[in-house]
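Engineer:
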Amino acid sequence: DFFFADGKFWAIEINGQPMIPDRWFEGAAQFAGLSGAQCLVGIVAAGYRRLRSEHRIVEPFPAGAQALLRGTILDGF
103 DFFFADGKFW
113 AIEINGQPMI
123 PDRWFEGAAQ
133 FAGLSGAQCL
143 VGIVAAGYRR
153 LRSEHRIVEP
163 FPAGAQALLR
173 GTILDGF
């Protein structure tokens with residue numbers, strides 16, 4: 103899978119497997135109280151946060167995505 107950020111396409115690769123959603127990741131995320139959808143948004147949030155820290159993105163993380171993470175360990179991420 104790919105996502106578009108900073109004017110480029112990026113491949114998402116986890117454990118050498120370029121596939122998300124991934125059942126293993128979703129299962130592991132459940133231990134942290136996250137659903138499969140929240141796990142995916144969390145992965146995107148991590149990339150977004152990194153790009154913001156590098157001042158490559160200035161816009162806030164989308165409100166709908168923030169709402170999906172509200173009340174989880176990723177709240178305010």
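Numbering (this note's numbering), first residue to last: 103 to 179.
No residue lacks a Cβ here, since even glycine has one placed at the ideal position from N, Cα and C.
In this text the structure is predicted, and so the values were computed from the model without any measurement.
Rounded to whole angstroms, what's the CA-CA distance from ASP177 to PHE163? Just pull it up for me.
Structural biologist: Distance between the alpha carbons of ASP177 and PHE163: 12 Å.
Engineer: Candidates ILE159, GLY135, GLU156 and GLY149: which alpha carbon is nearest GLY173's?
Structural biologist: Residue GLY135 is the option with its Cα nearest to GLY173.
Engineer: By DSSP, does ALA107 sit in helix, in strand, or in coil?
Structural biologist: It is a strand residue.
Engineer: For the alpha helix (DSSP H) holding ALA148, just list the boundary residues, first then last.
Structural biologist: Its alpha helix (DSSP H) spans residues 138-155.
Engineer: Which value, in whole angstroms, describes the spacing of the CA atoms of ALA131 and ALA167?
Structural biologist: Near 17 Å, if we compare the C-alpha coordinates of ALA167 and ALA131.
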